[in-house]
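A.B. asks: Handing you a structure now.
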Amino acid sequence: MTERIGFEPKIIGFLCNWCSYAGADLAGVSRIQYPPNIRIIRVMCSGRIDPAFVLEAFKNGADGVLVAGCHLPSDCHYLSGNFKAARRIALLRKVLADFGIEPERLRLEWVSASEGDRFAAIVRDIVEEIRKLGPNPFKNKDGETQ
Amino acid sequence: MANEKLKIAFYWAASCGGCEIAVLDINEKILDVIQLADIVFWPVAMDVKYKDVENMPDKYIDICFFNGSVRNEEQEYMAKLLRQKAKTLIAFGSCAQEGCIPGLANLHNREEIFEKVYLKSHCVENPVGTVPQTRFEAKEGLLKLPEFYDTVKTLDQTVEVDYYIPGCPPPVSLITSALEAVAKNQLPPKGTVLAPPKSVCDECPRKKENKKITKIYRVHKKMPEPEKCLLEQGIICMGPATRSGCGAQCLNVDMPCTGCGGPCPNSPEQGAAMVSALASILGLEEEKDRYTEKDIEELMRQIKDPVGTFYMYSLPSSILRRKVMKK
Ligand code: SF4
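Which chain is which? The protein sequence lines are A and B, in order. With our numbering, letter number 34 in the first sequence gets 34, and the count goes up by one each step, no holes. With our numbering, letter number 190 in the second sequence gets 190, and the count goes up by one each step, no holes.
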């Protein structure tokens, strides 16, 4: 469909303040190229990300969501926020599948402050994957078939 | 004016009838209600017609208790009509407040539901494949049925609602305190949920020890130890994500909370709150040394039917409201 051809995925990225946001910043100051499809929201910790944030993002038309935090097991500034995030995201993926949203649209990655290149590579990868999946199925239709 | 009786109405939409019985559970207090008020419309208990409501002047009813969610055209019509005729409209019970069990139909659409109910159920014999139509030209004239919608809605997604009384069905104490507030003309600000602002855990007599769990047991698979928090014994209990007012009745008889009280105040969504709460205590042993993504997935696989568990009562009022259907 024509809609697909011009489709530019919108990705919301929730990045933790201590590692991943700094990693994204490094990608920026190092001028590493990556697609502009991601909108980044800085949070204090990946463990601070309420599943409701992710659901709101999908409700408001995000085609994909990236949650990024400090590497497991022991990089988390708050000791165990990354473990909480890992478990929440795993459970939330199951919930999303029940709602008819492909779980692949929700990604969890660990990016340290020194991994600007890794951050850029992840964004490239997500954008390609979401491009293949197509637009968020909730968009326009509101799930209604009538 | 002072000794003029209040005019009260009760109506049911997509509900099981339990809310109607809950009204009678207030026992002899119902006599106080009669002292105080005239019941002008209550289809389950008296012979009144929709036409009688249509003929009432606007705002004629003082308080309308509306139970049930809105899943078809007739219910939507009655919700709008009663909103027009009532000064105060109260969403009574979980169905009207948040969709409740009928709202789980939002995991399907009309086509799927009709197929299951009228064509594919084992007990159904329907060789010509008849499903309900909204209009049918019979010899005797045009027959009409209300349209069945794809999506179940809550009352406040249909019309403006003044107050909410949560519960499936609402506990007697919440009903009587609401009636007392009405009688004394002491209703709180519009939009209030007429229940205490605490969680079920706060009312629960069981002891919490902040223990982590590694295994989930379905409710029929384990005899719970008395006095200990069920969640910390591995039985999923919606207590931490559910608004109280019930006195933790279920927990007193060894059954976990399933969440009928709806979300706690200020929580954006009951389901998300429970995902958060459960994922924070469900972990692997010595996870710091041996975590892999596979292990975590395995751990979460123990949770059967996540939406049916976390959104048993709140799917239509959740952030996403329904499952998106594939074209
Ligand atoms: S989780 Fe359930 S059993 Fe545990 S304290 Fe809360 S309500 Fe009680």
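Here a beta-carbon is modelled for each residue, glycine too, at the ideal position from N, C-alpha and C.
#1: Answer yes or no: does any C-beta atom of chain A fall closer than 7 Å to that of Met-300 (chain B)?
#2: Helix, strand or coil for Pro-224 (chain B)? Go by DSSP, reduced to three states.
#3: For Pro-51 (chain A), go through chain B and note every residue whose CB falls closer than 7 Å to its CB, in chain order.
#4: Check whether the Cβ atoms of Gly-116 (chain A) and Leu-26 (chain A) sit closer than 7 Å, and answer yes or no.
#5: Please check if any C-beta of chain A sits within less than 7 Å of the C-beta of Val-307 (chain B).
#6: Helix, strand or coil: which one does DSSP assign to Thr-258 (chain B)?
#7: Along the beta strand (DSSP E) that carries Phe-99 (chain A), what are the first and last residues, could you check?
#8: Under 7 Å from any heavy atom of the ligand SF4, by CB: list those residues in chain order, please.
#9: Might you give, ordered along the chain, the residues of its own chain that have their beta carbon closer than 8 Å to the beta carbon of Pro-346 (chain B), omitting 5 neighbours on each side?
#10: For Ala-24 (chain A), which residues from the same chain have a beta carbon less than 7 Å from its beta carbon, with the 5 sequence-adjacent residues on both sides left out?
#11: Check the Cβ of Gly-283 (chain B) against every Cβ in chain A and list those closer than 8 Å, keeping chain order.
#12: Can you tell me whether Met-312 (chain B) is buried or exposed, with buried defined as 16 or more other CB within 10 angstroms of its CB?
#13: Between the alpha carbons of Val-95 (chain A) and Ala-22 (chain A), how many angstroms are there, rounded?
#14: Step through the CB atoms of chain A and report whether any lies within less than 7 Å of the CB of Ala-241 (chain B).
#15: Put Thr-151 (chain B) into one of helix, strand or coil per three-state DSSP.
#16: Is there at least one Cβ from chain A nearer than 7 Å to Ile-319 (chain B)'s Cβ?
#17: Any contact of the region 94 to 107 of chain B with the region 68 to 75 of chain B, i.e. 3+ C-beta pairs under 8 Å?
#18: Closer than 8 Å by beta-carbon distance: list the chain B residues that pair up with Glu-56 (chain A), in chain order.
#19: Leaving out five residues on either side along the sequence, give the residues of the same chain with a beta carbon under 8 Å from the beta carbon of Leu-81 (chain B).
#20: Closer than 7 Å, CB to CB, is Tyr-291 (chain B) near chain A or not?
#21: Would you check if the distance between the CB atom of Ala-248 (chain B) and the CB atom of Cys-204 (chain B) is smaller than 7 Å?
#22: Give a yes or no on whether 7 Å exceeds the smallest Cβ distance from Glu-297 (chain B) to chain A.
#23: Looking at Cys-168 (chain B) and Phe-92 (chain B), is the spacing between their C-beta atoms short of 7 Å?
#24: Report the three-state DSSP secondary structure of Ala-45 (chain B) (helix, strand or coil).
#25: Who are the neighbours of Leu-133 (chain A) on chain B, taking C-beta pairs under 8 Å?
#26: So, Pro-166 (chain B) versus Gly-261 (chain B), is the Cβ gap smaller than 7 Å?
#27: Which residues in chain A have a C-beta closer than 8 Å to the C-beta of Lys-323 (chain B)? List them in chain order.
#28: Under 7 Å Cβ to Cβ from Asp-62 (chain B), same chain only, skipping five residues before and after it: list those, please.
#29: Please identify, using Cβ separations under 8 Å, the residues of the region 68 to 83 of chain A that lie next to chain B, in order along the chain.
#30: Compute the distance between the beta-carbons of Gly-64 (chain A) and Ile-130 (chain A), then report whether it is under 7 Å.
#31: What number of angstroms, rounded off, separates the C-alpha of Trp-110 (chain A) from the C-alpha of Arg-88 (chain A)?
#32: Kindly list the residues whose CB is nearer than 6 Å to the CB of Ser-318 (chain B), restricted to its own chain and excluding five residues on each side of it in sequence; keep chain order.
C.D. replies: For this structure:
#1: Counting from 1 along the second sequence, the entry for residue 300 (chain B) is found at position 300. It does; some Cβ of chain A falls within 7 Å.
#2: In the second sequence, residue 224 (chain B) corresponds to position 224, counting from 1. Coil, per DSSP.
#3: What you label residue 51 (chain A) is simply residue 51 of the first sequence in a count that begins at 1. Within chain B, the residues near Pro-51 (chain A) are Ala-272, Val-275 and Ser-276.
#4: If you number the first sequence from 1, residue 116 (chain A) lands on position 116. If you number the first sequence from 1, residue 26 (chain A) lands on position 26. In contact: Gly-116 (chain A) and Leu-26 (chain A) (Cβ atoms closer than 7 Å).
#5: The sequence position of residue 307 (chain B) within the second sequence is 307, counting from 1. Yes, Val-307 (chain B) lies at the interface with chain A (some Cβ there is under 7 Å from its Cβ).
#6: Within the second sequence, the letter at position 258 stands for residue 258 (chain B). Thr-258 (chain B) falls in the coil class under three-state DSSP.
#7: As a working mapping, residue 99 (chain A) is identified with position 99 in the first sequence. Run containing Phe-99 (chain A): none; DSSP gives neither H nor E here.
#8: B:Val-200, B:Cys-201, B:Cys-204, B:Arg-206, B:Lys-208, B:Cys-229, B:Leu-230, B:Leu-231, B:Glu-232, B:Cys-237, B:Gly-239, B:Pro-240, B:Ala-248, B:Leu-251, B:Pro-256 and B:Cys-257
#9: Outside the displayed range of chain B (1 to 327) lies residue 346 (chain B), so it cannot be described from this structure.
#10: Here the question's residue 24 (chain A) lines up with position 24 in the first sequence. So the list reads Leu-15, Ile-40 and Phe-119, once near-sequence residues are dropped.
#11: The residue labelled residue 283 (chain B) in the question sits at position 283 within the second sequence. By Cβ distance, chain A contributes Phe-83 and Arg-87.
#12: Taking the first residue of the second sequence as 1, we reach residue 312 (chain B) at position 312. The residue is buried, with at least 16 neighbouring Cβ atoms inside 10 Å.
#13: Taking the first residue of the first sequence as 1, we reach residue 95 (chain A) at position 95. Taking the first residue of the first sequence as 1, we reach residue 22 (chain A) at position 22. Their Cα atoms are separated by approximately 30 Å.
#14: If you number the second sequence from 1, residue 241 (chain B) lands on position 241. No, its Cβ sits nowhere closer than 7 Å to a Cβ of chain A.
#15: Within the second sequence, numbered from 1, the residue matching residue 151 (chain B) stands at position 151. In the structure shown, Thr-151 (chain B) sits in a strand (DSSP, three-state: E or B).
#16: As a working mapping, residue 319 (chain B) is identified with position 319 in the second sequence. At least one C-beta of chain A is nearer than 7 Å to the C-beta of Ile-319 (chain B).
#17: yes
#18: Here residue 56 (chain A) refers to the residue found at position 56 of the first sequence. Within 8 Å Cβ-Cβ: Pro-268 and Ile-319.
#19: As a first step, residue 81 (chain B) must be located in the second sequence, where it is residue number 81. Only Tyr-50, Val-53 and Glu-54 meet the Cβ criterion.
#20: For this step, residue 291 (chain B) is matched to residue 291 along the second sequence. Closer than 7 Å: yes.
#21: Along the second sequence, one-based indexing puts residue 248 (chain B) at 248. Along the second sequence, one-based indexing puts residue 204 (chain B) at 204. Closer than 7 Å, so yes.
#22: Within the second sequence, the letter at position 297 stands for residue 297 (chain B). Cβ-Cβ to chain A under 7 Å: yes for Glu-297 (chain B).
#23: For the purposes of this step, residue 92 (chain B) is taken as residue 92 along the second sequence, with counting starting at 1. For the purposes of this step, residue 168 (chain B) is taken as residue 168 along the second sequence, with counting starting at 1. No. Outside cutoff.
#24: Counting from 1 along the second sequence, the entry for residue 45 (chain B) is found at position 45. Ala-45 (chain B) falls in the coil class under three-state DSSP.
#25: Numbered from 1 along the first sequence, position 133 holds the residue referred to as residue 133 (chain A). Within chain B, no residue comes near Leu-133 (chain A); the closest Cβ sits about 13 Å away, beyond 8 Å.
#26: Looking up residue 166 (chain B) in the second sequence gives position 166. Looking up residue 261 (chain B) in the second sequence gives position 261. It is a contact, given that the beta carbons lie within the stated cut-off.
#27: Against the second sequence, residue 323 (chain B) aligns to sequence position 323. Chain A residues near Lys-323 (chain B): Asp-98, Phe-99, Gly-100 and Gly-143.
#28: Locating residue 62 (chain B) in the second sequence gives position 62, where the first residue counts as 1. Hits under 7 Å: Leu-6, Lys-7, Ile-8, Lys-87 and Thr-88.
#29: Leu-72, Pro-73, Ser-74 and Phe-83
#30: For this step, residue 64 (chain A) is matched to residue 64 along the first sequence. For this step, residue 130 (chain A) is matched to residue 130 along the first sequence. Their beta carbons are under 7 Å apart, which means Gly-64 (chain A) touches Ile-130 (chain A) by this criterion.
#31: Position 110 of the first sequence, counted from the first residue, corresponds to residue 110 (chain A). Position 88 of the first sequence, counted from the first residue, corresponds to residue 88 (chain A). Cα to Cα, Trp-110 (chain A) sits roughly 15 Å from Arg-88 (chain A).
#32: What you label residue 318 (chain B) is simply residue 318 of the second sequence in a count that begins at 1. Closer than 6 Å at Cβ, skipping near neighbours: Glu-269, Gly-271 and Tyr-311.
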